[in-house]
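This report concerns only the one structure given below.
Numbering (the numbering used here), first residue to last: 2 to 235.
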């Protein structure tokens, strides 16, 4: 049940209903699976626990167990703490494994598939959540820029489930520069170059990304962190 956020538990209570409109647990399991096919399946035991928690405590917030350390606000404000503890950043891992190219116009549906099938498996591997292998460490934040596909409704809904309260942070355009985003190295390097074929563009972009060193990523991360700290302290 650890993967269920408070908002998902509230949604389950709404699916259960009340009085003459109350659904059976089997119906709730089916509706939840249809609504959230990317999440682990719900079982009747979990539904019973959610109902019991609501009756006994009057809320369905996740209460840390005795074995689970409580993360204070100061730690939460130190964004992407896990990145500092892990020398291999997700950006570096993704860039070296395989750049992603879209032959068609990138839209919300295509970006969602990229998140689900390519990016999330890497993040879950690098930042393991011991309670749920389908999610990342709860200290990890997901940041993206203001490209329209990033804020499609289906993308926002997915990220809100996977990174509850820790995703889709709208960043000022002033920090989207080559000092904070290693992905922009492609843009700067390829700008002004004439290519005869699309495959040549892809090959050059791949070559540039694979030439990035750990020092390049560390430099970008430190510059990004400084920008984030200035935003936090305002």
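Here a beta-carbon is modelled for each residue, glycine too, at the ideal position from N, C-alpha and C.
Please read all numbers here as calculations on a predicted model, not as lab measurements.
Is the region 115–127 in contact with the region 220–235, if contact means three or more CB pairs nearer than 8 Å? The region 115–127, when compared against the region 220–235, does not touch it at the 8 Å Cβ threshold.
So if DSSP puts residue 143 in a beta bridge, which residue, or which two residues, is it bridged to? One-based indexing of the chain shown puts residue 143 at position 142. Residue pairing by DSSP places residue 143 opposite 168 in a beta bridge.
Do residue 164 and residue 143 come within 8 Å of each other at the CB atom, strictly closer than that value? Here the question's residue 143 lines up with position 142 in the chain shown. Here the question's residue 164 lines up with position 163 in the chain shown. Note that the C-beta distance between residue 143 and residue 164 is below 8 Å.
Can you check DSSP and say which residues form a bridge with residue 40? Residue mapping note: residue 40 aligns to position 39 of the chain shown, counting from 1. DSSP output for residue 40 lists no bridge partner at all.
Taking 6 Å as the limit between beta carbons, can you name the residues of its chain near residue 102, skipping five residues before and five after? Position 101 of the chain shown holds residue 102. Hits under 6 Å: 203.
What's the gap between the Cα of residue 209 and the Cα of residue 151? Numbered from its first residue, the chain shown carries residue 209 at position 208. Numbered from its first residue, the chain shown carries residue 151 at position 150. Near 24 Å, if we compare the C-alpha coordinates of residue 151 and residue 209.
Rounded C-beta distance between residue 61 and residue 14? I'm assuming under 8 Å. Here residue 61 corresponds to residue number 60 of the chain shown, with the count starting at 1. Here residue 14 corresponds to residue number 13 of the chain shown, with the count starting at 1. Correct: roughly 7 Å between the Cβ atoms.
Out of curiosity, what's the CA-to-CA distance linking residue 41 and residue 201? In the chain shown, residue 41 corresponds to position 40, counting from 1. In the chain shown, residue 201 corresponds to position 200, counting from 1. Spanning the two alpha carbons is a distance of roughly 41 Å.
Might you give, ordered along the chain, the residues of its own chain that have their beta carbon closer than 6 Å to the beta carbon of residue 108, omitting 5 neighbours on each side? Stepping through the chain shown from its first residue, residue 108 is reached at position 107. Excluding sequence neighbours, residue 108 sits near 150.
Work out the CA separation of residue 231 and residue 225 for me, nearest whole Å. Numbered from its first residue, the chain shown carries residue 225 at position 224. Numbered from its first residue, the chain shown carries residue 231 at position 230. Here the alpha carbon of residue 225 sits roughly 10 Å from the alpha carbon of residue 231.
How many Å lie between residue 10 and residue 157 at the Cα? The residue you call residue 10 lines up with position 9 of the chain shown. The residue you call residue 157 lines up with position 156 of the chain shown. Whole-angstrom Cα-Cα distance: 18 Å.
Alpha-carbon spacing of residue 212 relative to residue 115, whole angstroms: Stepping through the chain shown from its first residue, residue 212 is reached at position 211. Stepping through the chain shown from its first residue, residue 115 is reached at position 114. Looking at the backbone, the Cα of residue 212 and that of residue 115 are separated by about 23 Å.
Within a Cβ cutoff of 7 Å, which residues of the same chain sit near residue 23, ignoring the five residues on either side of it in sequence? Within the chain shown, residue 23 is the residue found at index 22, counting from 1. Excluding residues up to 5 positions away in sequence, 17 lie with their Cβ nearer than 7 Å to the Cβ of residue 23 in the same chain.
Just the C-alpha distance for residue 37 and residue 193, rounded to the nearest angstrom, thanks. For the purposes of this step, residue 37 is taken as residue 36 along the chain shown, with counting starting at 1. For the purposes of this step, residue 193 is taken as residue 192 along the chain shown, with counting starting at 1. Their Cα atoms are separated by approximately 45 Å.
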